[in-house]
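Trainee:
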Amino acid sequence: MSYWLSIVVATPSHSTVAGPLTYRSESLLPPGGLVRVPLGKREVLGVVWEVLADSGDLPLAQARSVLGALDGLAPLPEAWRGLVGFTAAYYQRSIGEVALAALPPQLRGLSAVQLARRLKRTPAADAETPDTTNLIALSPEQQRAIAEFDADTRPALLFGATGSGKTEVYLRAAAKVLAQDASAQVLVMVPEINLTPQLQARFEERFAHLGKAQVVALHSGLTPAQRLKSWLAAHAGQARLVLGTRMAVFASLPNLRLIVVDEEHDPSYKQQEGARYSARDLAVYRAMLESAPKDGGTDKAAVRCRVLLGSATPSLESWQATVTGRYQRLTMSERIGGEAGAGRLPLVRVVDMNHQPKNCTIAPPLLDAIGQRIARGEQSLIFLNRRGYAPVLACHDCGWKSECPHCSAYRVFHKIDRTLRCHHCGFTERVPRACPSCGNIDIAPVGKGTERLEEHIGELLAGVTRADGSLLRIARIDADTTRLKGALESQLASVHAGEVDVLVGTQMIAKGHDFRHITLVAAINPDNALFSSDFRAPERLFGLLMQAAGRAGRDADHGEASEMWVQTFHPQHPLFGALKKHDYPAFAAQELKEREAAGMAPFGFSALVRAEARTQDVAQGFLNAAAQAAQAQQLPAHDAVTPYPAVPMTIQRVANIERAQMLVESPSRAALQRFLAAWQPVLHETRQQAEFKSLIRWAIDVDPLAI
Ligand code: ADP
Ligand code: ZN
Ligand code: ZN
Numbered sequence: 051m052s053y054w055l056s057i058v059v060a061t062p063s064h065s066t067v068a069g070p071l072t073y074r075s076e077s078l079l080p081p082g083g084l085v086r087v088p089l090g091k092r093e094v095l096g097v098v099w100e101v102l103a104d105s106g107d108l109p110l111a112q113a114r115s116v117l118g119a120l121d122g123l124a125p126l127p128e129a130w131r132g133l134v135g136f137t138a139a140y141y142q143r144s145i146g147e148v149a150l151a152a153l154p155p156q157l158r159g160l161s162a163v164q165l166a167r168r169l170k171r172t173p174a175a176d177a178e179t180p181d182t183t184n185l186i187a188l189s190p191e192q193q194r195a196i197a198e199f200d201a202d203t204r205p206a207l208l209f210g211a212t213g214s215g216k217t218e219v220y221l222r223a224a225a226k227v228l229a230q231d232a233s234a235q236v237l238v239m240v241p242e243i244n245l246t247p248q249l250q251a252r253f254e255e256r257f258a259h260l261g262k263a264q265v266v267a268l269h270s271g272l273t274p275a276q277r278l279k280s281w282l283a284a285h286a287g288q289a290r291l292v293l294g295t296r297m298a299v300f301a302s303l304p305n306l307r308l309i310v311v312d313e314e315h316d317p318s319y320k321q322q323e324g325a326r327y328s329a330r331d332l333a334v335y336r337a338m339l340e341s342a343p344k345d346g347g348t349d350k351a352a353v354r355c356r357v358l359l360g361s362a363t364p365s366l367e368s369w370q371a372t373v374t375g376r377y378q379r380l381t382m383s384e385r386i387g388g389e390a391g392a393g394r395l396p397l398v399r400v401v402d403m404n405h406q407p408k409n410c411t412i413a414p415p416l417l418d419a420i421g422q423r424i425a426r427g428e429q430s431l432i433f434l435n436r437r438g439y440a441p442v443l444a445c446h447d448c449g450w451k452s453e454c455p456h457c458s459a460y461r462v463f464h465k466i467d468r469t470l471r472c473h474h475c476g477f478t479e480r481v482p483r484a485c486p487s488c489g490n491i492d493i494a495p496v497g498k499g500t501e502r503l504e505e506h507i508g509e510l511l512a513g514v515t516r517a518d519g520s521l522l523r524i525a526r527i528d529a530d531t532t533r534l535k536g537a538l539e540s541q542l543a544s545v546h547a548g549e550v551d552v553l554v555g556t557q558m559i560a561k562g563h564d565f566r567h568i569t570l571v572a573a574i575n576p577d578n579a580l581f582s583s584d585f586r587a588p589e590r591l592f593g594l595l596m597q598a599a600g601r602a603g604r605d606a607d608h609g610e611a612s613e614m615w616v617q618t619f620h621p622q623h624p625l626f627g628a629l630k631k632h633d634y635p636a637f638a639a640q641e642l643k644e645r646e647a648a649g650m651a652p653f654g655f656s657a658l659v660r661a662e663a664r665t666q667d668v669a670q671g672f673l674n675a676a677a678q679a680a681q682a683q684q685l686p687a688h689d690a691v692t693p694y695p696a697v698p699m700t701i702q703r704v705a706n707i708e709r710a711q712m713l714v715e716s717p718s719r720a721a722l723q724r725f726l727a728a729w730q731p732v733l734h735e736t737r738q739q740a741e742f743k744s745l746i747r748w749a750i751d752v753d754p755l756a757i
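This note's numbering puts the sequence shown at residues 51 to 757.
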């Protein structure tokens, strides 16, 4: 007797085989089972999706057989399959692509023997009882947040100022779940694991009693073997606590009871290729799926998975959900340490650059304030969102500029190795000795990046010495200085050790780090985001500035005098008004009012279709033709959806490829979803037309972050 199974395999999204494939099997395999199947001439990993009644319309002669099951591995849980299916449908990709991308690649190459050995190697350690003797006493706000969280079932948003002790709340919530049920699992998600080594350390320390095998990490920095090991431990239920980045939202966790999403506003939760999912949104959806009655049961209250999002500057989507009551809001507005000294949020000083000496990079009063910090042995952090020495190199005689020949962007001047580097395509050349166009030898850097800022601050502070008379130390942290493995960790360590007086960097240093001796944070030039065409730019800027302010004055000894300086040509902008008062709710209310009036997220829903080709004509033509076809064919929900004409992307050409995009909007999420699902095949057909054969690729981005 043989059975018919529908099985998902990794199919490229643009192949015509997007759905599950039908295979024959000699044994009955359960949905979620991992199998090896033939695909073309290859043997690939697949996941059993459904057991079918018959072979459907597949001609028997074409039927192929399952080659084998991965014995010893439990089937992937029902909720996991539900999550994968939802992700594929919502983000307009194939189930196979999403499912297989969520599994560790090494699983595929594993023989039955290797797998058995692997599974044996992780012993189920008996958990010791946690050591609670050294637990810190919770603040009243923390106590209240935890009590409120326990008393509710909705997704929760912990709105807690930086330094208000959110991590402690996560730790307690996780501890409670793990203690209540010896098989319960907790997933803790963080934006970028190497930026938060302290958070990881705190979780590992707090749950040390569980043993090493039960607290595992899951992120892209792991070796394939480590990733497989963590994945297997989670899947087998041995790992009780999984700490990971966005990819971890797809971990197989049979007994998941709590998902924590730290810094839930962080853009890195959105995947930017393949299935462009939002791991934060999926975490909320997953918690709902995991709470549904299992295996047709009806006892809804028996198992429940909660989700706890946390941020000092929540995404406006999550914030609005707490306004409408869809999410529960937990507020912690005070820094640990209270009103006296350490607990206070830094004083925000907005410097009107219109009243400063022309062309000055650092306003004299700011320079003064930095000098005072140095004299007192305190640290300053200065950030600028631009790495390299200068964004452009230019000839003032003929007007030549360091354009990238392959992109519609300038190449950035890096002084350290005297190169011009394109930050979009990577094209790098040595700096020419003279202007390539007129021969003038006086080509000069225009504008400043972090490398030049570091040099400039060195010059400005040339006469300043430290309190003990020793030499001043300036350091820089950005993507260039941290390229080597371990570099970031060692640079951060030297900041923590007090070896640095002034730290210069990109937004990389403004996030999350628990700096103890920094009492001054300065944003040199944040104005670009105020007038960006991207409607989310102000939200990102406000979040970044609040985060950065949170770096200052975290230590009890220095809290009194901590300050955040912002240099701007638009000091009257309401964003700075809210920043001065550390008033996120005021900022959110203002911003949400504008979004509502304009029908933008979270009040409206959108998707971007991007197309790439050798010419803008082909890229834009393809998008416009597909939109016209949708109209002509009266696709479902087409009248509730507005497609805008195709336009070139902001950086229109990268590596000689022209890029265009089309925005599609709807006031209804469901209508947009119905339209997109119907539009997919039309886009595929349009691509087959002779005039668009040269199209390189196209992709849909649902709920895009940047427009
Ligand atoms: P957040 O994540 O909200 O920015 P943290 O959780 O990092 O804040 O807490 C800030 C600091 O306060 C940390 O050093 C933490 O150990 C400490 N802390 C947290 N809760 C308490 C508490 N109840 N009592 C004393 N210190 C605390
Ligand atoms: Zn010239
Ligand atoms: Zn380039």
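Glycine is no exception: its CB is placed at the ideal position from the N, C-alpha and C atoms. These figures come from a predicted structure and were not determined experimentally.
Ligand 3 heavy atoms versus the CB of Cys475: any closer than 8 Å?
Mentor: Yes, ligand 3 has a heavy atom inside 8 Å of this Cβ.
Trainee: If you follow the alpha helix (DSSP H) that His464 is in, where does it begin and where does it stop?
Mentor: Taken as a continuous stretch (DSSP letters only), His464 belongs to no alpha helix (DSSP H), being part of the beta strand (DSSP E) at 462-464.
Trainee: In chain order, what residues of the same chain lie with their CB nearer than 8 Å to the CB of Leu157, ignoring the 5 residues before and after it?
Mentor: Contacts found: Leu84, Leu95, Leu120, Leu278, Trp281.
Trainee: Indicate the three-state DSSP secondary structure (helix, strand or coil) for Gly261 in the structure shown.
Mentor: Residue state, collapsed to three classes: coil.
Trainee: From which residue to which residue does the alpha helix (DSSP H) around Arg131 run?
Mentor: Run containing Arg131: 128-140, per the alpha helix (DSSP H) assignment.
Trainee: Distance, Cα to Cα, Leu268 vs Ala679?
Mentor: Approximately 43 Å between the Cα atoms of the pair.
Trainee: Please tell me whether, using a cut-off of 8 Å, the distance from the CB of Gly449 to the nearest non-hydrogen atom of ligand 2 is below it.
Mentor: Yes, since a heavy atom of ligand 2 falls inside the 8 Å radius drawn around the Cβ of Gly449.
Trainee: With DSSP as the reference, label Pro698 as helix, strand or coil.
Mentor: Here Pro698 sits in strand by DSSP.
Trainee: Quick one: what's got a C-beta closer than 6 Å to Trp450's C-beta in the same chain, skipping five residues either side?
Mentor: Taken in chain order, the residues that qualify are Cys485, Ser487.
Trainee: So, under 8 Å CB-CB, Ala444 and Ile493 are touching, yes? Tell me the CB distance rounded to an integer number of Å.
Mentor: Sure, about 7 Å apart at Cβ, within 8 Å.
Trainee: Can you give, in chain order, each stretch of the beta strand (DSSP E) that sits fully within the stretch 421-505 and has at least 3 residues?
Mentor: Correct list: 429-433, 442-445, 462-464, 469-471, 478-480, 493-496.
Trainee: Based on Cα-Cα distance, which residue from Thr700, Ala687, Ala682 lies nearest to Gln666?
Mentor: Out of Thr700, Ala687, Ala682, Thr700 has the C-alpha closest to the C-alpha of Gln666.
Trainee: Can you give me the Cβ contacts of Ser612 inside the same chain, cut-off strictly under 6 Å, excluding the 5 residues immediately before and after it?
Mentor: Hits under 6 Å: Pro396, Thr569, Ala602, Gly603.
Trainee: Just grab the DSSP bridge partners of Tyr53 for me.
Mentor: According to DSSP, which records beta bridges pairwise, Tyr53 is partnered with Ser75.
Trainee: Does the Cβ-Cβ distance between Leu431 and Phe565 come in under 9 Å?
Mentor: Yes, the pair counts as a contact, with Cβ atoms nearer than the cut-off.
Trainee: Looking at C-alpha atoms only, which residue of Leu272, Gln738, Val116 is the closest neighbour of Val668?
Mentor: When each option's Cα is compared against that of Val668, the closest is Gln738.
Trainee: Taking the C-alpha atoms as reference points, what is the distance between Tyr53 and Gly90?
Mentor: When rounded, the distance between both Cα atoms is 21 Å.
Trainee: Could you tell me which residues DSSP puts in a beta bridge with Gln617?
Mentor: Gln617 pairs with Val401.
Trainee: At a threshold of 8 Å, does Ser189 count as lining ligand 1 (C-beta to nearest heavy atom)?
Mentor: Yes.
Trainee: Please classify Asp435 as buried or exposed, where buried requires at least 16 neighbouring CB atoms within 10 angstroms.
Mentor: Here the sequence assigns Asn to residue 435, which means Asp is not the residue at that position. It counts as buried.
Trainee: Got a sec? Which residues, its chain only, sit under 7 Å from Ala720 by beta carbon, not counting five neighbours each side?
Mentor: Excluding positions up to five away in sequence, the list is empty.
Trainee: Is the beta carbon of Pro205 less than 9 Å from the beta carbon of Leu339?
Mentor: Taking 9 Å as the Cβ cut-off, Pro205 and Leu339 do not qualify as a contacting pair.
Trainee: Taking the Cβ atom as the reference point for each residue, do Cys475 and Val704 lie within a distance shorter than 9 Å?
Mentor: Yes, the Cβ-Cβ distance between Cys475 and Val704 is below 9 Å.
Trainee: Thinking C-beta only, is Lys465 closer than 9 Å to Glu505?
Mentor: Yes, the pair counts as a contact, with Cβ atoms nearer than the cut-off.
Trainee: Are the CB atoms of Ile750 and Arg326 nearer to each other than 9 Å?
Mentor: The answer is yes: Cβ separation under 9 Å.
Trainee: If you reduce the DSSP assignment to three classes, tell me which class Leu395 lands in.
Mentor: Looking at Leu395 - three-state DSSP - the assignment turns out to be coil, as it is neither helix nor strand.
Trainee: Between the alpha carbons of Arg516 and Leu595, how many angstroms are there, rounded?
Mentor: For Arg516 and Leu595, the distance between alpha carbons rounds to 28 Å.
Trainee: Taking the beta strand (DSSP E) that Ser361 belongs to, which residues open and close that run?
Mentor: 356-361 is the extent of the beta strand (DSSP E) around Ser361.
Trainee: How big is the Cα-Cα spacing for Thr6 and Ala710?
Mentor: An answer regarding residue 6 cannot be provided, because it is not within the stretch 51 to 757 covered by the chain.
Trainee: With a threshold of 16 other CB atoms inside 10 Å of the CB of Thr137, please say whether the residue is buried or exposed.
Mentor: Result: buried.
Trainee: Excluding five sequence neighbours on each side, which residues of the same chain lie with their C-beta closer than 7 Å to the C-beta of Ile424?
Mentor: Closer than 7 Å at Cβ, skipping near neighbours: Val514, Arg516, Leu522, Asp551.
Trainee: Ends of the beta strand (DSSP E) at Glu662?
Mentor: Where Glu662 is concerned, the enclosing beta strand (DSSP E) stretches over 655-663.
Trainee: So what's Arg168 in DSSP terms, helix, strand or just coil?
Mentor: It is helical.
Trainee: Tell me the residue span of the alpha helix (DSSP H) that contains Arg330.
Mentor: Start and end: 329-341.
Trainee: Could you tell me if Val163 is buried or exposed, where buried requires 16 or more neighbouring beta carbons within 10 angstroms of its beta carbon?
Mentor: Flag for Val163 reads exposed.
Trainee: Rank Tyr377, Ala598, Thr618 by C-alpha distance to the C-alpha of Phe581 and give the top, closest one.
Mentor: Of the candidates Tyr377, Ala598, Thr618, the one whose C-alpha sits nearest the C-alpha of Phe581 is Thr618.
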